[in-house]
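Enquirer:
Residue numbers (my numbering): -1 to 181.
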């Protein structure tokens, strides 16, 4: 039985190695496919990250809204000040308060720009990581499984061949003793 076990184990081991190598090549091909998508994603990211947040449509819209509100409030202060008879000091104080609000709004918009850049970096990194993890999740179980089969086959072969009793004595190397040993 030792020879049969050894041959079966060797066959299983070779089969497992071949299938594992095939799964490894499939993973490698899939990872190479990711490289093309990664390059186009990198181009997009570089284009976006090198662009000022204030050039985006969201920032332009927010900035226009802040300016419109500032202008409307300033007009309101000027017209109410004239109609209500506000003192010069009251007008200056109201305009100063309005200017502070305007500055805070612009500062907040700059903060949103920083947040926008950080979110884009996280999204880019997450997308790249997801591309590779998806391939690994698809192919690595098969690679591991075939590798386990190859290892089990090698164990069976080793135990089978180790249990065989080799011919000894002066006829140990003769063709007749080898054939008798094998069959």
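Idealized CB from N, CA, C, for every residue including glycine.
Under a three-way DSSP split, which group does residue 83 fall into?
Expert: coil
Enquirer: Measure the alpha-carbon distance for residue 40 versus residue 141 and round it to whole angstroms.
Expert: 30 Å
Enquirer: Would you kindly work out how many angstroms separate the C-alpha atoms of residue 146 and residue 14, rounded to a whole number?
Expert: 8 Å
Enquirer: Excluding the 5 residues flanking residue 77 on each side, which residues of the same chain have their C-beta closer than 8 Å to its C-beta?
Expert: none
Enquirer: Would you mind working out which of 115, 155 and 132 sits nearest residue 54, comparing C-alpha positions?
Expert: Looking at the Cα atoms, 115 is the closest of the given residues.
Enquirer: Is it true that the CB of residue 56 sits closer than 8 Å to the CB of residue 137?
Expert: Cβ distance not < 8 Å, so residue 137 and residue 56 don't count as in contact.
Enquirer: Could you check if residue 155 is buried or exposed, using at least 16 other CB atoms within 10 Å of its CB as the buried criterion?
Expert: A residue is called buried once 16 or more other Cβ atoms fall within 10 Å of its Cβ, and residue 155 is buried on that count.
Enquirer: What is the rounded straight-line gap between the Cα of residue 102 and the Cα of residue 131?
Expert: Spanning the two alpha carbons is a distance of roughly 43 Å.
Enquirer: Taking the alpha carbon of residue 99 as the point to measure from, which residue in 19, 111, 72 and 113 has its own alpha carbon closest?
Expert: Ranking the options by Cα distance to residue 99, first place goes to 72.
Enquirer: Any idea if residue 42 is buried or exposed, counting beta-carbon neighbours within 10 angstroms, 16 or more meaning buried?
Expert: exposed
Enquirer: Note down, in chain order, each residue of its chain lying with its Cβ closer than 7 Å to the Cβ of residue 157, except the 5 sequence neighbours on either side.
Expert: Correct list, in chain order: 3.
Enquirer: Mapping the DSSP letters down to three states, classify residue 125 as helix, strand or coil.
Expert: helix
Enquirer: Just tell me which of 48, 19, 75 and 118 has its CA closest to the CA of residue 91.
Expert: With distances taken between CA atoms, residue 91 lies nearest to 75 out of 48, 19, 75 and 118.
Enquirer: Can you tell me which of 23, 86 and 16 puts its alpha carbon nearest to the alpha carbon of residue 133?
Expert: If we check each option's Cα against that of residue 133, 23 comes out closest.
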